[in-house]
Amino acid sequence: MAGKISVIGPGTMGSGIAQSFLQAGYSVVVVGRSDESIKKGAERIGASMDKAIKKGAMSEQDKQKLLSMLKLTTDYSEISGSSAIIEAVAEELDEKTGVLKQIEKFSGQAIIATNTSSIPIKKMASALSDPSKFLGMHFFNPVPVMKPVEIVVAESTSEDAAAMAISLAKACGKVPIRVKDYPGFVANSVLMPMLNEAALLLEKGVADREGIDTIVKLGLNHPMGPLELADFIGLDVCKDIMEAIYNETGDEKYKPAKLISEKVSQGKLGRKSKEGFYEYK
Ligand code: CAA
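So for the sequence shown, my numbering puts the first residue at 10; every next one is plus one.
In structure tokens form, the structure reads like this:
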């Protein structure tokens with residue numbers, strides 16, 4: 010059922026979502042806010058495809074074919090005629106609602122999805138004149154590799170929009186799971202207290218960083234330890250998600266550990282800034 014998909018925001022998540030739909034045979038439009046941001050997005054998608062080639066999941070020929078189906082632009086009118094438009098810009102309510110208003114000018118019959126990991130869908134839906142076509146499609150990082158997509162169905166979302174999102178996620182090889190519009194949905198409700206607890210254990214000196222990660226990796230069979238994973242996600246992103254859930258629920262287990270807040274204020278954001286719980290080259 011390939012067709013056209015649009016993604017707003019060429020960051021890590023938006024680029025990964027674009028790559029996944031390209032690999033499933035869709036033509037993809039990615040909208041960025043500046044020439045610089047779309048240039049970076051193109052580099053990100055190219056680098057991820059090179060990784061796939063290195064891992065044997067893609068050939069150089071596939072890469073060139075997929076890139077010919079991709080259009081990066083700053084012009085929102087290019088999204089017209091899409092089956093779905095997926096918003097993946099910064100995790101800030103005002104930024105997202107501004108983008109949703111822009112999308113709606115050209116969305117036609119398309120469903121509009123947000124890749125938010127923590128902002129309630131209900132809060133964003135009010136920016137749209139027709140919120141029935143709007144819902145959450147929460148992908149996981151790295152998107153081309155990770156299977157699940159939380160399909161976040163708000164009270165205002167129509168059943169047709171939910172069914173369309175589920176079939177699109179399946180069409181790009183993902184496993185869609187329907188969830189309610191609950192703070193943190195399922196993934197981050199479960200994940201964030203674990204990452205936070207690992208930081209609290211490090212703060213208390215219960216074990217060193219390698220010790221904590223090795224116990225979880227080997228003992229609980231996780232592919233990455235919690236501190237390594239927090240660095241991978243970004244400590245600023247983790248903190249924002251925790252605060253968003255804490256503000257909605259008042260539940261202390263989501264209150265970011267002092268160590269996480271300190272690192273963020275020092276600019277130690279994890280892999281992307283070359284230092285977080287670990288140092289990176
Ligand atoms: N594009 C396409 N395919 C790729 C690829 C790419 N860039 N990179 C790898 N692949 C393919 C590989 O070819 C391989 O395919 P096969 O299984 O068919 O062989 C598959 O993807 C997996 O690759 P690897 O086994 O080589 O990957 P790895 O062993 O290096 O593991 C990892 C890397 C997947 C990141 C693993 O460490 C992992 O699962 N870590 C945990 C990640 C995680 O928890 N993410 C969730 C973060 S939370 C989140 O995202 C939500 C939020 O809101 C914060």
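The beta-carbon is built from N, C-alpha and C at its ideal position, and this holds for glycine as well.
Annotation note: the stretch 69-142 contains the following uninterrupted beta strand (DSSP E) runs of length 3 or greater, listed N- to C-terminal: 79-82, 93-96, 120-123.
Residue 165 carries a coil assignment under DSSP once its states are collapsed to helix, strand and coil. Taking residue 231 as the centre and dropping the five residues before and after it, the same chain places the C-beta of 225 closer than 7 Å to its C-beta, in chain order. Take the alpha-carbon of residue 203 and the one of residue 235: they are about 7 Å apart.
Between ligand 1 and residue 65, a heavy atom-to-CB distance of less than 7 Å is present.
Judged by DSSP in its simplified three-state form, residue 201 adopts helix.
Each residue's CA atom was taken as its position, placing residue 170 and residue 119 some 9 Å apart.
Judged by beta-carbon spacing, residue 128 lies beyond the 8 Å limit of residue 144, meaning their Cβ atoms are not closer than that value. Fewer than three pairs of CB atoms, one per stretch, sit closer than 8 Å, so the stretch 238-248 makes no contact with the stretch 183-190. Nearest to residue 151 by alpha-carbon distance, out of 77, 195, 24, 274, is 24. Distances taken from the Cβ of residue 239 to the heavy atoms of ligand 1 include none shorter than 7 Å. In the three-state DSSP reduction, residue 185 falls in the strand class (E or B). Assignment of residue 151 by DSSP, reduced to helix, strand and coil, places it in the coil class. Secondary structure at residue 248: helix, using DSSP grouped into helix, strand and coil. For residue 150, the shortest C-beta to heavy atom distance toward ligand 1 is below 7 Å.
Annotated as distal: residue 95 and residue 158, with beta-carbon spacing of 8 Å or more. Going by beta carbons, residue 100 and residue 125 fall inside the 8 Å limit.
When rounded, the separation of the alpha-carbon atoms in residue 155 and residue 61 is 13 Å.
In terms of Cβ geometry, residue 192 and residue 258 form a close pair [threshold 8 Å].
Annotation for residue 155 indicates a beta carbon within 7 Å of some heavy atom of ligand 1. Boundaries of the beta strand (DSSP E) harbouring residue 36: 36-40, taken from the DSSP string. The Cβ neighbour count for residue 117, taken over all protein chains shown within 10 Å, is under 16; the residue is labelled exposed. Three or more pairs of CB atoms, one per stretch, sit closer than 8 Å, so the stretch 204-212 contacts the stretch 264-272. Between residue 141 and residue 166 the beta-carbon gap is near 7 Å, inside 8 Å, which marks them as a contact.
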